[in-house]
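Below: the structure, in structure tokens.
Chains as they are written, first to last, in this note's numbering: chain A, 1431 to 1643; chain B, 1431 to 1643.
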């Protein structure tokens, strides 16, 4: 898709929020909605939602608002989640195993199809239906298996090495749970998960009691 | 703090992003910044940053912008992260254990001080310095131990039961990794972590190659 304007990364994150809100409305058999109603549902302003959507086209119908099913499908297509993604996992320690078994990924179309570790006791095993290979073999194994997205779930000290191995195998999109910076070539996108930020959100409401509800 | 306006939940999430950007600037010994420079750093508009900050007061100095150290400390105070929080963890399966061992929490001032499970093989043990109690005992154990925030890392089928136990122990702020809805009294705040949303962000950039960089 050729677009005149660069889309802010935060707009992309909000599309996921809108898709979830629309999924919920669809499940409730709601046919149309508006930026005002969506705004209330997701805790943003209507202006923000209109601005985010305007990057991608004209979705509203004058006098009717948005068709829920239609807007959902358009946003899913824009996000690239109207298809299945095969995912490679680096690190099957406690976090990695939890991610292997996490059904929230599969539900949204993300299938872990291959895993890597450097522990000889784990290499060669199959966990949750997923075979574990030596991370040193990633450059040979990945091109064979169709995975396009990588997840790093190794300790911080091994994160760069794990990332290098996934990149050597051809992956360009990587989600990292390891604290600290990872260096990648310019054509590789890394997204870091910062779980502490979720606790900070709670800390705010615990500190400012009475703000919610 | 009494405030005239209700603060949007998304503004609170963005404060965490600003605090991290300011921490980075402070580490680089930067003294002042502006909403424009911060906007570039975090991928938002300057107007959004000014609007978010305006909920909490007047932080900029005309002609100088923001003092990095000062704005960092003010936001940390607003978020309630200028102190240590004691955290209770429900569920020490793979994910729970990974969270126990996750040093990103402690670094930001969140200390897991007590854990709960319903597996008799785990109850009574001490992992990573944290004692594991029977979840059925949470109502008696929690008031003794000072934890104010709870984390739920149990399977979806046990999440409501685990949450009820934490709430019975007096917790009012809960982070849940379990998929699905949890019902709580109106004075309890639950924040759900949706890891699949992070993968959707990557899916967008993998689908729209060339958008970044």
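Note that beta-carbon positions come from the ideal geometry of N, C-alpha and C, so glycine has one too.
Status (buried if at least 16 other CB within 10 Å, exposed otherwise) for residue i
| i | result |
| --- | --- |
| residue 1643 of chain A | Note that residue 1643 of chain A scores a pLDDT of 43, beneath 50, so its modelled location is shaky; the value from the coordinates is reported in the next line. Looking at its Cβ environment, which holds fewer than 16 other Cβ atoms inside 10 Å, residue 1643 of chain A is exposed. |
| residue 1477 of chain B | exposed |
| residue 1536 of chain A | exposed |
| residue 1577 of chain A | buried |
| residue 1556 of chain A | exposed |
| residue 1436 of chain A | exposed |
| residue 1461 of chain A | exposed |
| residue 1593 of chain B | buried |
| residue 1488 of chain A | exposed |
| residue 1502 of chain B | buried |
| residue 1547 of chain A | buried |
| residue 1454 of chain B | exposed |
| residue 1630 of chain B | buried |
| residue 1570 of chain B | exposed |
| residue 1598 of chain B | exposed |
| residue 1617 of chain A | exposed |
| residue 1549 of chain B | exposed |
| residue 1518 of chain B | buried |
| residue 1612 of chain A | buried |
| residue 1521 of chain B | buried |
| residue 1610 of chain A | exposed |
| residue 1447 of chain A | buried |
| residue 1565 of chain A | buried |
| residue 1484 of chain B | exposed |
| residue 1479 of chain B | buried |
| residue 1491 of chain A | exposed |
| residue 1508 of chain B | buried |
| residue 1639 of chain A | exposed |
| residue 1595 of chain B | buried |
| residue 1534 of chain A | buried |
Strand pairing of residue i, partner residues [DSSP]
| i | result |
| --- | --- |
| residue 1519 of chain A | A/1545, A/1581 |
| residue 1540 of chain B | B/1515 |
| residue 1440 of chain B | Per DSSP, none; premise fails for residue 1440 of chain B. |
Where the beta strand (DSSP E) through residue i begins and ends
| i | result |
| --- | --- |
| residue 1619 of chain A | 1619-1622 |
| residue 1561 of chain A | 1560-1564 |
Range of the contiguous alpha helix (DSSP H) that encloses residue i
| i | result |
| --- | --- |
| residue 1634 of chain A | 1625-1637 |
| residue 1526 of chain B | 1524-1531 |
| residue 1568 of chain A | 1568-1575 |
Residue i Cβ short of 7 angstroms to the ligand ADP heavy atom set
| i | result |
| --- | --- |
| residue 1439 of chain B | Ligands in the displayed structure: none, and consequently the ligand ADP is not present. |
**OP:** Mind listing, in chain order, the continuous alpha helix (DSSP H) runs of no fewer than 4 residues lying wholly within the region 1582-1610 of chain A?
**Re:** 1586-1598
Subject >> Contiguous alpha helix (DSSP H) assignments of at least 4 residues, all confined to the region 1466-1514 of chain B >> reply: 1476-1484, 1498-1509
Original post:
What residues in the region 1490-1508 of chain A have a beta carbon less than 8 angstroms from any beta carbon of chain B?
Top reply: Going along the region 1490-1508 of chain A in chain order, one finds 1508 with a Cβ nearer than 8 angstroms to chain B.
Subject >> Contacting positions in the region 1547-1565 of chain A - beta carbon closer than 9 angstroms to chain B >> reply: none
**OP:** Taking only beta carbons into account, state which residues of the region 1590-1612 of chain B come closer than 7 angstroms to chain A, listed in chain order.
**Re:** 1602, 1603, 1605, 1609
Subject >> Cβ-based contacts, 8 angstroms cut-off: residues of the region 1618-1633 of chain B near chain A >> reply: Answer in chain order: 1619, 1621, 1623, 1624, 1625, 1626, 1627, 1628, 1629, 1630, 1631, 1632, 1633.
Original post:
Looking at chain B, which residues of the region 1473-1489 of chain A have a Cβ within less than 7 angstroms of any of its Cβ atoms?
Top reply: 1473, 1474
**OP:** For the region 1445-1472 of chain A, enumerate the residues whose C-beta is nearer than 9 angstroms to any C-beta of chain B, in chain order.
**Re:** Correct list: 1445, 1446, 1447, 1449, 1450, 1472.
Original post:
What residues in the region 1572-1583 of chain A bring their beta carbon closer than 7 angstroms to a beta carbon of chain B?
Top reply: 1578, 1579
**OP:** Quick one: which residues of the region 1517-1528 of chain B get their C-beta closer than 9 angstroms to a C-beta of chain A? List them in chain order.
**Re:** 1517, 1523, 1524, 1525, 1526, 1527, 1528
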